[in-house]
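Q: 1102 is the number of the first residue of the sequence shown in the numbering used here; add one for each residue after it.
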Amino acid sequence: MPIGVFTYVALNNEKGTVLKLCVALKKVLIVLVVLLLGAVLLAGAGWLLRYRILAAYLGISQPVYSGMVVEKDVMVPMRDGVLLATDIYRPDGTGPFPAVLIRLPYDKKPLREIAVGRFSFAPGILFAQRGLVLIVQDVRGRYASEGDFYAFSHERQDGEDMVLWLREQSWFNGDLGAVGPSYLGYTQWALAPAAGDTLKCMAPMVISADLRDLFYRGGTVCLDTGGGWAVGVGEREDGDHPKKDFDTGMWHLPLMEADDMTGADVDFFNDWLAHPLRDAYWDALNRRPEIPNITAPALLIGGWYDIAAGGTLEDYQALRASAGSDAARRPHLLMGPWMHGSQDCDRDFGKEAGIPLLLRELFDWNDYWLRGKGTLPDKPVHIFVMGINTWRREEDWPLARTVYMPYYIRSDGKANTAAGDGTLSETPASGEGTPDTYAYDPADPVPSVGGCFMGDGMGPRRQEKVESRQDVLVYTSAPLTEALEVTGPIRFVLYASTSGDDTDFTAKLCDVAPDGTSLNLAEGIIRGRFREDGEDAPLVPGEVYRFEIDLWATSNVFLEGHRIRVQVSSSNFPQFDRNLNVYGPFAQQTEFKTAEQTIYHDAERPSHILLPVIPQ
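If you want it as structure tokens, here you go:
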């Protein structure tokens, strides 16, 4: 299960800790042991037999080659003389062969052989015995590679140099694929525009071609994701600097010093904070404008609860619109109910949501484009519909049959907590109405319970802890008389004012079961000072503003008897950094104050959520 292994190791090393295989993967292998051969036999089985067992489980083709040649720490020169350490897994046969490239900052050595109990295998075997060369490379400045690491900045040039080196290898036939999640996905976006016809296919997973999508959202810093990750990879090897829990650092003010609280001084994290607006710094790391130069078809893989969910979907649409070849303009998209590096959550999606389907699609993709084997589905979009826990194929994204329906928040001014009088209705208010109010104190922010971030409590989570707070407004529909599917992008239009000259507003969509269990589906945030894209201006205290909050997207069926719920507040910490309610130098402030917030939902100011409803 190489891609599953790469995915798990990569995602779980992103905060600097080398972890063992996930429990789910262990269970899969244990089942194979018990049902197919027994633990003793497997422990002594050769690579060919192990391949056959895994291939049979995954439903992929059986081996073509019986053995594998492994070269470790081949030092590949870059144009500036820096050498990058590279492991190569080749079929034991007469070449040349197509190849699959993985470039990562998380140490390639754990991928040389994976052990679960007495059973072990080299992930490269599933490539080599299918007639593919697997190439795994430590990026510049990480682990065995030379040079200095500055996150993301060298991947375009080094990726191009790696392709040039590959073209000179006698065992390479000129057909290259690329695969991998997160940072490994960005390295694909970086090399693709310059790889030309050599790159025959790519499969970036849980990543965005526009890096700013990962570290800024609605003008706020994705703190737990960006800061925690930066501290974890800020040195050559995880653990090279003294470690202190980043939970301490993210409370520190000014925010610019958050990394210092962990014993690390991460230059690229400080640079991210120094560039809160989209500018030349972010433009240099944004690969989306280069999509017209990409000719390789892409399989994009994302998760509804992933940190890059919004960017993955935008990348798909950008490829459809402007990629550099007919094949590249027909990308495939796989969206599951997944998070970034863990599946520990409060919602059961069933066995169909697991690793095997993802792996089959990846292997089928590489087989088709690199080996000329098999076929691809006619419908390129494959989505997991939560609520009914079903995979479904679609022609495109967003779905052409979508009907965007507004649901209006309403109350008599007492929508605080789930026990308040907030309602959600298809009918807007007809009169003036009574606005809702709450106080937002940066010293006591609403905790992040569930959502698209990388940290404790991510994914779908029960919302009781949040919905019992006085600084959270809760608006809930009547029980549905029939099931309602919501699949697509979501927006929340909010009319609000504040007593401060800066503040944040948040929105969260939830599915409420008949027993009252509330589970989050999607969330978003907007920072007042950055309400206009590309501009930085204070708010006028007391003035009513119209804000649009992007909740990214979801696919969920609200079952009969369930209710639709929207939460409104001003913080979601530490998923997003706290707004101090004081306009000043970004990430350098230390003073804060409590803000009095007012939310309007009358005839002239109809705050509402716009849901993408799929007719049944």
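Note that the Cβ used here is the ideal one computed from N, Cα and C, for glycine as well.
Quantities reported herein were computed from a predicted structural model and do not represent experimental measurements.
1. To the nearest angstrom, how far is the alpha carbon of F1250 from that of V1183?
2. For Y1596 versus Q1698, is the C-beta distance shorter than 9 angstroms?
3. Measure from the alpha carbon of L1477 to the alpha carbon of each residue in E1453, R1180 and P1398, then state which is nearest.
4. According to DSSP, H1433 sits in a beta bridge with which residue or residues?
5. What would DSSP say about I1489, mapped onto helix, strand or coil?
6. What is the DSSP secondary structure of E1568, counted as helix, strand or coil?
7. Between the C-alpha atoms of T1491 and P1615, what's the straight-line distance to the nearest angstrom?
8. Which residue marks the beginning of the beta strand (DSSP E) containing W1653, and which one marks its end?
9. On the DSSP letters alone, give me the boundaries of the alpha helix (DSSP H) that K1690 sits inside.
10. Nearest CA to the CA of A1623: which residue from G1350, R1204 and L1610?
11. Across the region 1402-1413 and the region 1370-1380, are there enough close Cβ pairs to call them in contact, namely three or more that are closer than 8 angstroms?
12. Rounded to whole angstroms, what is the Cα-Cα separation between T1518 and S1598?
13. Using the beta-carbon count (16 or more within 10 Å), is D1101 buried or exposed?
14. Cβ of A1516 less than 9 angstroms from any chain B Cβ?
15. Using only CA atoms, which one of T1618, H1663, Y1505 and E1644 lies nearest to P1580?
16. Decide if I1710 is buried, meaning its Cβ has at least 16 other Cβ atoms within 10 Å, or exposed.
17. Check this for me: beta carbons of T1655 and V1550, under 9 angstroms apart or not?
18. Report yes or no: do three or more beta-carbon pairs, one from the region 1284-1297 and one from the region 1256-1270, lie closer than 8 angstroms?
19. What separation, rounded to the nearest whole angstrom, lies between the Cα atoms of A1429 and L1420?
20. On the DSSP letters alone, give me the boundaries of the alpha helix (DSSP H) that G1333 sits inside.
21. Sort R1231, P1178 and V1658 by Cα distance to P1167 and report the nearest one.
22. Alpha carbon to alpha carbon, how far is F1450 from G1319? Give it in angstroms, no decimals.
23. Looking only at its chain, what residues have a beta carbon closer than 8 angstroms to the beta carbon of V1135, apart from the 5 residues adjacent to it on each side?
24. Taking 8 angstroms as the cut-off, does the region 1322-1338 touch the region 1296-1304 (at least 3 CB pairs, one atom from each stretch)?
25. What are the boundary residues of the alpha helix (DSSP H) that includes I1456?
26. Determine, using beta carbons only, whether H1483 and M1436 come nearer to each other than 9 angstroms.
27. What span of residues does the beta strand (DSSP E) with Y1406 cover, start to end?
28. Am I right that Y1539 and D1572 are in contact with their C-beta atoms under 8 angstroms? What's the rounded C-beta distance?
29. To the nearest angstrom, how far is the alpha carbon of L1122 from that of F1606?
30. Helix, strand or coil for L1212, going by three-state DSSP, please let me know.
A: A quick look at the data gives this:
1. Reading the sequence shown from its first residue, position 149 is the one you call residue 1250. Reading the sequence shown from its first residue, position 82 is the one you call residue 1183. Near 12 angstroms, if we compare the C-alpha coordinates of V1183 and F1250.
2. In the sequence shown, residue 1596 corresponds to position 495, counting from 1. In the sequence shown, residue 1698 corresponds to position 597, counting from 1. No.
3. Your numbering for residue 1477 matches position 376 in the sequence shown. When each option's Cα is compared against that of L1477, the closest is P1398.
4. For this step, residue 1433 is matched to residue 332 along the sequence shown. Answer by DSSP bridge pairing, in chain order: L1400.
5. The sequence position of residue 1489 within the sequence shown is 388, counting from 1. Residue state, collapsed to three classes: coil.
6. Sequence index remark: in the sequence shown, residue 1568 carries index 467 (1-based). Looking at E1568 - three-state DSSP - the assignment turns out to be helix.
7. Within the sequence shown, the letter at position 390 stands for residue 1491. Within the sequence shown, the letter at position 514 stands for residue 1615. Between T1491 and P1615, the C-alpha separation is close to 21 angstroms.
8. On the sequence shown, position 552 is the one that residue 1653 refers to. Where W1653 is concerned, the enclosing beta strand (DSSP E) stretches over Y1646 to F1659.
9. Position 589 of the sequence shown holds residue 1690. The sequence shown places Gln at residue 1690, not Lys. That residue, Q1690, is in no alpha helix (DSSP H); it is neither H nor E in DSSP.
10. Here residue 1623 is taken as the residue at index 522 of the sequence shown, counted from 1. Among G1350, R1204 and L1610, the Cα nearest to that of A1623 belongs to L1610.
11. no
12. Position 417 of the sequence shown holds residue 1518. Position 497 of the sequence shown holds residue 1598. Cα to Cα, the separation comes out at about 20 angstroms.
13. Residue 1101 is absent from the model: the chain starts at 1102 and stops at 1717.
14. The question asks about chain B, but that chain is absent: this structure has only one protein chain.
15. Start at 1 with the first residue of the sequence shown, and residue 1580 comes out as number 479. Ranking T1618, H1663, Y1505 and E1644 by Cα distance to P1580 puts H1663 first.
16. By 1-based counting over the sequence shown, the position of residue 1710 is 609. Buried, since its Cβ has 16 or more Cβ neighbours within 10 Å.
17. Indexing the sequence shown from 1 puts residue 1655 at position 554. Indexing the sequence shown from 1 puts residue 1550 at position 449. For T1655 and V1550, no; Cβs fall outside 9 angstroms.
18. yes
19. Numbered from its first residue, the sequence shown carries residue 1429 at position 328. Numbered from its first residue, the sequence shown carries residue 1420 at position 319. Roughly 7 angstroms separates the two Cα atoms.
20. For the purposes of this step, residue 1333 is taken as residue 232 along the sequence shown, with counting starting at 1. L1324 to V1334 is the extent of the alpha helix (DSSP H) around G1333.
21. Position 66 of the sequence shown, counting from 1, holds the residue named residue 1167. Residue 1167 is actually Ser in this sequence, not Pro. The shortest Cα separation from S1167 among R1231, P1178 and V1658 belongs to R1231.
22. Along the sequence shown, one-based indexing puts residue 1319 at 218. Along the sequence shown, one-based indexing puts residue 1450 at 349. Each residue's Cα considered, the two are about 29 angstroms apart.
23. Mapped onto the sequence shown, residue 1135 falls at position 34. Unreliable positioning characterises V1135 in this predicted model, as indicated by a pLDDT of 31, which lies under 50. The coordinate reading is nonetheless provided below. No residues qualify anywhere along the chain.
24. no
25. Mapped onto the sequence shown, residue 1456 falls at position 355. Its alpha helix (DSSP H) spans residues I1456 to N1467.
26. Here residue 1483 corresponds to residue number 382 of the sequence shown, with the count starting at 1. Here residue 1436 corresponds to residue number 335 of the sequence shown, with the count starting at 1. Yes, the pair counts as a contact, with Cβ atoms nearer than the cut-off.
27. Stepping through the sequence shown from its first residue, residue 1406 is reached at position 305. Segment: none, Y1406 is in no beta strand (DSSP E) and carries neither H nor E.
28. Translated into positions along the sequence shown, residue 1539 becomes position 438. Translated into positions along the sequence shown, residue 1572 becomes position 471. 5 angstroms between Cβ atoms; contact.
29. Position 21 of the sequence shown holds residue 1122. Position 505 of the sequence shown holds residue 1606. Per-residue confidence for L1122 stands at a pLDDT of 31, beneath the threshold of 50, marking its modelled position as unreliable; no derived number is given.
30. Taking the sequence shown and counting its residues from 1, one reaches residue 1212 at position 111. Reduced to three states, the DSSP call for L1212 is helix.
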